[in-house]
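Enquirer: Quick one: this structure, given as structure tokens, is what I'll be asking you about.
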């Protein structure tokens, strides 16, 4: 696994390179935003560890431009900026995780391994499952070319399911990724939102793509799936 570490603190960057190399990663280092943008665009990395406060081009701009160019390498922000709006801005622009300095190296490695476990091959700019399309950047959803307006929560739920087409997602998994790990409300909130989503992406188009797999969770199938393939499913 190859990682790009981006930090203008030379000693910290060198320390991260040594530590991550000892963990078995191949590690390259960039010291400013322009160098980071070039490296992450021109070379294939499995993950980028990125500071926010960088010379030439700050971390926000690096994330934004990488995503605009269709580079979907997972990005872990590692920065001293610990404000909630700093974190929200970075994540909204396309970062995948956020860790503040000072940090535990053990925790950093755990975050890196968790991100790498979630990686699929290459995330497309526009997600497509059958005739259902979702653009994560413009936040536009269409079915059969017709726009489908969704609330932010419905959009997040659909995006997660579209990133894992044909796979069953449990309620707990959806809570962790669409709500958050600290959510302590009832699990049946997932059923409620699946119902909302089904009424918008399936019912008006007379299709059954969002399936409930009894006893397991939910699965998003292409519209062309046969009835027998989803015979174990029931509506919420």
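Numbering (the UniProt record's numbering), first residue to last: 1 to 236. Idealized CB from N, CA, C, for every residue including glycine.
Let me make sure I understand the geometry here. Which of 168, 172, 197 has the alpha-carbon closest to that of residue 213?
Expert: Here residue 213 refers to the residue found at position 213 when the chain shown is read from its first residue. Ranking the options by Cα distance to residue 213, first place goes to 168.
Enquirer: Could you pull out every residue in the same chain whose Cβ sits closer than 6 Å to the Cβ of residue 132, ignoring the five residues on either side in sequence?
Expert: Here residue 132 refers to the residue found at position 132 of the chain shown. Correct list, in chain order: 143.
Enquirer: Quick check on this structure: which residue in 46, 221, 159 has the alpha carbon closest to the alpha carbon of residue 207?
Expert: Numbered from 1 along the chain shown, position 207 holds the residue referred to as residue 207. Comparing Cα-Cα distances from residue 207 to each of 46, 221, 159, the minimum goes to 221.
Enquirer: By a C-beta neighbour count over all protein chains shown, 10 Å radius and 16 as the cutoff for buried, is residue 101 buried or exposed?
Expert: Reading the chain shown from its first residue, position 101 is the one you call residue 101. With fewer than 16 other Cβ atoms within 10 Å, it is exposed.
Enquirer: Pick helix, strand or coil for residue 223, following the three-state DSSP scheme.
Expert: Indexing the chain shown from 1 puts residue 223 at position 223. Three-state result, residue 223: coil.
Enquirer: In angstroms with no decimal places, state the Cα-to-Cα distance between residue 65 and residue 215.
Expert: What you label residue 65 is simply residue 65 of the chain shown in a count that begins at 1. What you label residue 215 is simply residue 215 of the chain shown in a count that begins at 1. When rounded, the distance between both Cα atoms is 42 Å.
Enquirer: CB residue 51 to CB residue 79, shorter than 8 Å?
Expert: Within the chain shown, residue 51 is the residue found at index 51, counting from 1. Within the chain shown, residue 79 is the residue found at index 79, counting from 1. Their beta carbons are under 8 Å apart, which means residue 51 touches residue 79 by this criterion.
Enquirer: By how many angstroms is the C-alpha of residue 140 removed from the C-alpha of residue 197?
Expert: Locating residue 197 in the chain shown gives position 197, counting from the first residue. Locating residue 140 in the chain shown gives position 140, counting from the first residue. Between residue 197 and residue 140, the C-alpha separation is close to 14 Å.
Enquirer: Return helix, strand or coil for residue 23, following the three-state DSSP convention.
Expert: By one-based count along the chain shown, residue 23 stands at place 23. In the structure shown, residue 23 sits in coil (DSSP, three-state: anything other than H, G, I, E or B).
Enquirer: Using alpha carbons as the reference points, say which of 84, 22, 8, 160 lies closest to residue 49.
Expert: Working through the chain shown from its first residue, we reach residue 49 at position 49. Answer by Cα proximity: 8.
Enquirer: If you reduce the DSSP assignment to three classes, tell me which class residue 32 lands in.
Expert: Within the chain shown, residue 32 is the residue found at index 32, counting from 1. In this structure, residue 32 counts as coil in the three-state DSSP scheme.
Enquirer: In the structure shown, what three-state DSSP assignment does residue 176 receive?
Expert: As a working note, residue 176 is residue 176 in the chain shown. In this structure, residue 176 counts as helix in the three-state DSSP scheme.
Enquirer: When DSSP builds the beta bridges, which residues end up paired with residue 169?
Expert: The residue you call residue 169 lines up with position 169 of the chain shown. Per DSSP, 218.
Enquirer: Between residue 12 and residue 37, which are expected to be in contact by the criterion C-beta below 8 Å, what is the C-beta distance as a whole number of angstroms?
Expert: Start at 1 with the first residue of the chain shown, and residue 12 comes out as number 12. Start at 1 with the first residue of the chain shown, and residue 37 comes out as number 37. About 20 Å separates the two Cβ atoms, so there is no contact after all.
Enquirer: DSSP on residue 12, reduced to helix/strand/coil?
Expert: To locate residue 12, count along the chain shown from 1; it is residue 12. It is helical.
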